[in-house]
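Structure first, then comments.
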Amino acid sequence: MADKSMIGKTGKPFTMPIEWSKVREFARAIKDPNPVYFDPEVAKRECGGIPVPVTFLQTAAFWQDDSSSPGMGGFDIRRILHGEQDFELLKPILVGDTLTGVAKVADLYEKEGGRGGKMTFLVVETEYKNQKGEKVAIARSTLIETGQAVKA
Amino acid sequence: MPAKLKFEQVKVGDSVPDSVTNGVTRPDFVRYAGASGDFVPLHYDQTFVEMAGIPTVFAQGMFTAGLLSKCLTDYVGIGQVRRFKVRFATRVWPGDVVTCRGKVTGKKEAAGEKLIEGDLEAVNQKGEAAIKGSFVAACA
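Chains Y and H supply the protein sequences, listed in that same order.
Using the numbering used here, read the first sequence as starting at 5 and increasing by one per residue.
Using the numbering used here, read the second sequence as starting at 2 and increasing by one per residue.
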């Protein structure tokens, strides 16, 4: 059974410095050769600094540990699917910024599924502020635990 | 980056131009794992996936979402995306050809910005959707 008491639970705030090497590596990994990620001069001229790719906040995984995670709902990683991901990008995030993120369990519920059996949905919402205290982004992940491993 | 699109010139129904990746590879998934910190072994560990009853490794949903985000920023410009939302459907396997594309579905002004909204999708070579998504982006 999904433990509804987890809803609203937050992790400890975590710090996430925005670094150029990580931004470059991420841009390469998503096959985006845009020079704003690779040439600081171009980036400065066009964006006022080196910007981050739209989905870059996924790299928060490197800065979070067990204490900053609000919990994985006891999910079995062999049966986890990433169902949805949603980013609200409220203000620019540039290399040199230091973000503080707080993750919380926004929702946890069950649904009868198809080929995977009963499915449990966990929605984790992470709010990011920059070093000036401005809210810069909200990332929302929906993870699904299937009743059994989904066959291809 | 200055917005690439002029609000007045964008019409509902306009296409976000296709961006095609010709055959994604296991090294692509490994590179994305290292870049993102997503080390779920389903995406690179053959022994692990077989134990889970899956024939081979498959792409991180967020790898494919990254390809889709690049398709969008090529259209609207870097720094112009205000919302990017994706829902994962079918899996992307090594060798799949991934086509990212989209369509403008609306225009609005909010919080002093000229915004367009639209649908996005990443489809495989069989035309099956790996991702269905939506976006909001700012225009000049």
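Glycine included, each C-beta is placed from N, C-alpha and C at the ideal position.
Source: prediction; values computed, not measured.
Using a cut-off of 7 Å between C-beta atoms, extract the partners of residue i located in chain H.
{"i": "Asp90 of chain Y", "result": "Lys86"}
Mind pulling the chain H residues with CB within less than 8 Å of residue i?
{"i": "Gly87 of chain Y", "result": "Arg88 and Phe89"}
Closest by CA to residue i, which one among the options?
{"i": "Gln68 of chain Y", "options": "Y:Ala33, Y:Ala47, Y:Pro44 and Y:Met20", "result": "Y:Met20"}
{"i": "Pro42 of chain H", "options": "Y:Glu116, Y:Glu131, Y:Leu85 and Y:Val106", "result": "Y:Leu85"}
{"i": "Glu92 of chain Y", "options": "Y:Ile11, Y:Asn134 and Y:Thr130", "result": "Y:Thr130"}
{"i": "Pro96 of chain Y", "options": "H:Gly14, H:Thr26, H:Ala139 and H:Gly134", "result": "H:Ala139"}
{"i": "Phe42 of chain Y", "options": "Y:Ala6, Y:Ile54, Y:Val128 and Y:Glu50", "result": "Y:Ile54"}
{"i": "Leu61 of chain Y", "options": "Y:Gln89, Y:Glu116 and Y:Val109", "result": "Y:Gln89"}
{"i": "Gly52 of chain Y", "options": "Y:Phe125, Y:Asp101 and Y:Gly151", "result": "Y:Asp101"}
{"i": "Leu126 of chain Y", "options": "Y:Asp80, Y:Trp24 and Y:Leu147", "result": "Y:Leu147"}
{"i": "Ala66 of chain H", "options": "Y:Phe30, Y:Ala107 and Y:Ile11", "result": "Y:Phe30"}
{"i": "Glu50 of chain Y", "options": "Y:Val58, Y:Pro57 and Y:Pro39", "result": "Y:Pro39"}
{"i": "Gly113 of chain H", "options": "H:Ala141, H:Arg102, H:Gly119 and H:Cys101", "result": "H:Ala141"}
{"i": "Phe128 of chain H", "options": "H:Arg92, H:Val50, H:Val82 and H:Gly80", "result": "Inspection of the sequence shows that residue 128 of chain H is occupied by Gly rather than by Phe. It is H:Arg92."}
{"i": "Arg83 of chain H", "options": "Y:Ser145, Y:Thr59, Y:Ala47 and Y:Pro37", "result": "Y:Thr59"}
{"i": "Gly80 of chain H", "options": "Y:Asp111, Y:Ser9, Y:Gly87 and Y:Ala141", "result": "Y:Ala141"}
{"i": "Ala6 of chain Y", "options": "Y:Tyr113, Y:Glu138 and Y:Lys136", "result": "Y:Tyr113"}
I want to verify the contact list: residues of chain Y whose CB lies under 8 Å from the CB of residue i, in sequence order.
{"i": "Ile117 of chain H", "result": "Neighbours of Ile117 of chain H on chain Y: none; closest Cβ ~15 Å, over 8 Å."}
{"i": "Lys7 of chain H", "result": "By Cβ distance, chain Y contributes nothing, its closest Cβ being about 17 Å from Lys7 of chain H, past 8 Å."}
{"i": "Ser37 of chain H", "result": "Phe30, Ala33, Gln62, Thr63 and Ala65"}
{"i": "Thr22 of chain H", "result": "Lys35"}
{"i": "Thr74 of chain H", "result": "Asp36, Asn38, Pro57 and Val58"}
Using a Cβ-Cβ distance cut-off of 7 Å, determine whether residue i contacts chain H.
{"i": "Ala156 of chain Y", "result": "Confidence at Ala156 of chain Y is low in this model, with a pLDDT of 49, below 50, so the placement of that residue should be treated as unreliable; the coordinate-derived value is given next. It does: the Cβ of Ala156 of chain Y has a partner Cβ on chain H nearer than 7 Å."}
Along chain Y, in chain order, which residues have C-beta atoms closer than 9 Å to that of residue i?
{"i": "Val41 of chain H", "result": "Ile81, Ile84 and His86"}
Quick one: which chain C residues come within Cβ less than 7 Å of residue i?
{"i": "Gly80 of chain H", "result": "Included in the structure are the protein chains Y and H, with no chain C among them."}
Taking 7 Å as the CB-CB cut-off, is residue i touching chain Y?
{"i": "Ala107 of chain H", "result": "Checking the displayed sequence, the identity of residue 107 of chain H turns out to be Gly instead of Ala. Chain Y, which has no Cβ nearer than 7 Å to the Cβ of Gly107 of chain H, makes this no."}
{"i": "Ala33 of chain H", "result": "For clarity, residue 33 of chain H is Tyr in the given sequence; the question names Ala instead. Yes, its Cβ sits closer than 7 Å to a Cβ of chain Y."}
{"i": "Glu66 of chain H", "result": "Note on residue identity: the sequence assigns Ala, not Glu, to residue 66 of chain H. Chain Y, which has a Cβ nearer than 7 Å to the Cβ of Ala66 of chain H, makes this yes."}
{"i": "Gly128 of chain H", "result": "no"}
{"i": "Ser70 of chain H", "result": "yes"}
{"i": "Arg102 of chain H", "result": "no"}
{"i": "Gly62 of chain H", "result": "yes"}
{"i": "Ser83 of chain H", "result": "One detail in the question is off: residue 83 of chain H reads as Arg in this sequence, not Ser. Chain Y, which has a Cβ nearer than 7 Å to the Cβ of Arg83 of chain H, makes this yes."}
### Message
Short of 7 Å Cβ to Cβ, which residues in the stretch 39-65 of chain Y face chain H?
### Response
Val40, Glu50, Cys51, Pro55, Pro57, Val58, Thr59, Gln62, Thr63 and Ala65
### Query
Using a Cβ cut-off of 8 Å, which residues of the stretch 15-40 of chain Y contact any Cβ in chain H, in chain order?
Answer set for the stretch 15-40 of chain Y: Lys26, Glu29, Phe30, Arg32, Ala33, Ile34, Lys35, Asp36, Asn38 and Val40.
### Query
Which whole runs of the alpha helix (DSSP H) in the stretch 19-67 of chain H are 4 residues long or more, in chain order?
27-37 and 47-52
### Task
Scan the stretch 94-110 of chain Y for residues whose Cβ lies nearer than 7 Å to a Cβ of chain H and list them as they occur along the chain.
Pro96
### Query
For the stretch 54-132 of chain H, which segments carrying the alpha helix (DSSP H) assignment without a break, of at least 4 residues, lie completely within its bounds, in sequence order?
62-77
### Message
Which complete beta strand (DSSP E) runs does the stretch 9-61 of chain Y hold, if anything under 3 residues is left out?
### Response
18-21
### Start-end ranges of the beta strand (DSSP E) lying completely within the stretch 88-140 of chain Y, minimum 3 residues
102-116 and 122-133
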